[in-house]
């Protein structure tokens, strides 16, 4: 079996610095830049290391980009402000490296919402768009508040090493050998404070994304 953490240690690191407001996020790169580019975008309260198996499988034949979303990088302090700002940073990074076309982008949860912004902006072109568990239309006020409460509770319990939350994480979010990475992220997320965690949840589940006609066009791309 491949050394999963070793894969991450061998990464090439790109630093993306936005000129507006000095925002900063890291974008990890793997594989040969001459190959078609794949972008993998993790979700809210999810470590970027969930992509390790994908990276190992595709790195020989593809150039892979893995953004670490603001607020989720335990090595670089950052705060999530908006999908617009984050999309702009990713676009600026890609364009600065002459990456104007993405063969495939895979976004999950919050990362899928961000993916729809990248597609909508049309600064980059995409051949394949894959979304998983991504709310592209705003939830109602009641549902949004319920999800915020749920995420705040999960974050608190994960920090306390609640066994049920830990078991659910192993079954749904991370493999057991990556559990320490997952828990480290949750320790870091508590540094956001309840206000910023709530903002992240609202932006993920309660924010407007793309219009209904836009969804139909996006559906055609995904299909």
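In UniProt numbering, the protein residues as written are 1 to 223.
Where is the CB? At the ideal position from N, CA and C, for every residue including glycine.
Asked, Found
"Can you tell me whether residue 108 is buried or exposed? The criterion is at least 16 other CB atoms within 10 Å of its CB, across all chains shown.", "buried"
"Just list the residues that DSSP pairs residue 126 with in beta bridges.", "102"
"Is it buried or exposed for residue 88, if we count other Cβ within 10 angstroms and need 16 for buried?", "buried"
"Tell me, which residues are paired with residue 63 by DSSP?", "37"
"Would you mind working out which of 39, 142, 24 and 28 sits nearest residue 119, comparing C-alpha positions?", "39"
"Apart from the five residues on each side of it in sequence, which residues of its chain come closer than 7 Å, Cβ to Cβ, to residue 222?", "At residue 222, the pLDDT of 41 sits below 50, so the modelled position is not reliable; the number obtained from the coordinates is stated separately. Around residue 222: 129, 130 and 131."
"Which term fits residue 134, buried or exposed, when burial requires 16 or more other beta carbons within 10 angstroms of its beta carbon?", "buried"
"From the DSSP secondary-structure annotation, give me the bridge partner or partners of residue 108.", "132"
"Look at the Cβ atom of residue 73, then the Cβ atom of residue 26, and state whether they are nearer than 7 Å.", "yes"
"For residue 61, collect the residues of the same chain with a Cβ closer than 7 Å to its Cβ; drop the 5 residues on either side in sequence, then sort them by chain order.", "35"
"Classify residue 161 as helix, strand or coil using the three-state DSSP reduction.", "coil"
"Suppose you measure from the CA of residue 66 to the CA of residue 142; what does that come to, to the nearest Å?", "33 Å"
"Can you look up residue 77 in the DSSP assignment and give me helix, strand or coil?", "coil"
"Under the three-state reduction of DSSP, which class applies to residue 27: helix, strand or coil?", "strand"
"Please classify residue 116: is it buried, with 16 or more other beta-carbons within 10 angstroms of its beta-carbon, or exposed?", "buried"
"Tell me which residue opens and which closes the alpha helix (DSSP H) that residue 85 is part of.", "83–96"
"What residue range does the alpha helix (DSSP H) around residue 52 cover?", "52–58"
"Apart from the five residues on each side of it in sequence, which residues of its chain come closer than 8 Å, Cβ to Cβ, to residue 91?", "118, 121, 123 and 124"
"Taking its Cβ as the centre, do 16 or more other Cβ atoms sit within 10 Å of residue 101, making it buried, or is it exposed?", "exposed"
"Do you know offhand how far residue 33's Cα is from residue 97's?", "10 Å"
"Verify whether the separation of the beta carbon atoms of residue 50 and residue 63 is less than 7 Å.", "no"
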